[in-house]
Amino acid sequence: MNADDNRYVEITTRLRSVKSFCDFLSGGGIVRIAQSDSGPYQDVTAALLQRHRLEAEALERTRRSLFPDRADEDVRPSLYSRH
C-alpha cells in the first residue's frame with residue numbers, strides 16, 4: 001500500500017470505530033466515571049456521545065476533502081460483532 005492508501009485506511013478505520021461507539025451509546029450504552037477513587041460515579045454518556053458525533057463529522061469531512069473519489073464509501077459493516 002502506498003501512503004495515500006494507508007491514510008485512507010487509517011481515517012476509515014477510525015470513523016468506523018467512532019460510529020460504532022456512537023451506535024453503542026445511542027442503543028442504551030452508559031458511561032460513568034468517578035472523579036476520584038472514592039468519589040461517586042457520574043453519568044457522562046450524553047457528553048461523550050456528543051463529542052464522538054462531532055469527531056465522526058470531522059473525520060467524514062477530512063476523508064471527503066482528502067479522498068473525494070472514495071469519500072462516500074460506506075463504513076459498514078461495524079468493526080464489532082453483537083454478541
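Position one of the sequence shown corresponds to residue 1 (the working numbering), numbered consecutively onward.
C-beta: ideal position from N, C-alpha, C; glycine also.
- prompt: Among all the DSSP beta bridges, which residues are the ones paired with Ala34?
  reply: Taking the first residue of the sequence shown as position 1, residue 34 is located at position 34. Beta-bridge pairing links Ala34 to Tyr41.
task: Find out if the Cβ-Cβ distance for the pair Arg63, Leu25 is shorter than 8 Å.
output: Taking the sequence shown and counting its residues from 1, the one referred to as residue 63 is at position 63. Taking the sequence shown and counting its residues from 1, the one referred to as residue 25 is at position 25. The answer is no: Cβ separation not under 8 Å.
field: Exposure of Val44, with buried meaning 16 or more beta-carbon neighbours within 10 Å
entry: Here residue 44 refers to the residue found at position 44 of the sequence shown. Val44 should be labelled exposed.
message: Tell me the residue span of the alpha helix (DSSP H) that contains Asp4.
response: Numbered from its first residue, the sequence shown carries residue 4 at position 4. Unbroken alpha helix (DSSP H) run through Asp4: Ala3 to Ser26.
- prompt: Buried or exposed: where does Val9 fall if 16 or more other Cβ atoms within 10 Å of its Cβ makes it buried?
  reply: Your numbering for residue 9 matches position 9 in the sequence shown. It is exposed - the Cβ of Val9 has fewer than 16 other Cβ atoms within 10 Å.
- prompt: With a Cβ-Cβ cutoff of 8 Å, do Leu59 and Arg7 count as a contact?
  reply: Position 59 of the sequence shown holds residue 59. Position 7 of the sequence shown holds residue 7. No. Outside cutoff.
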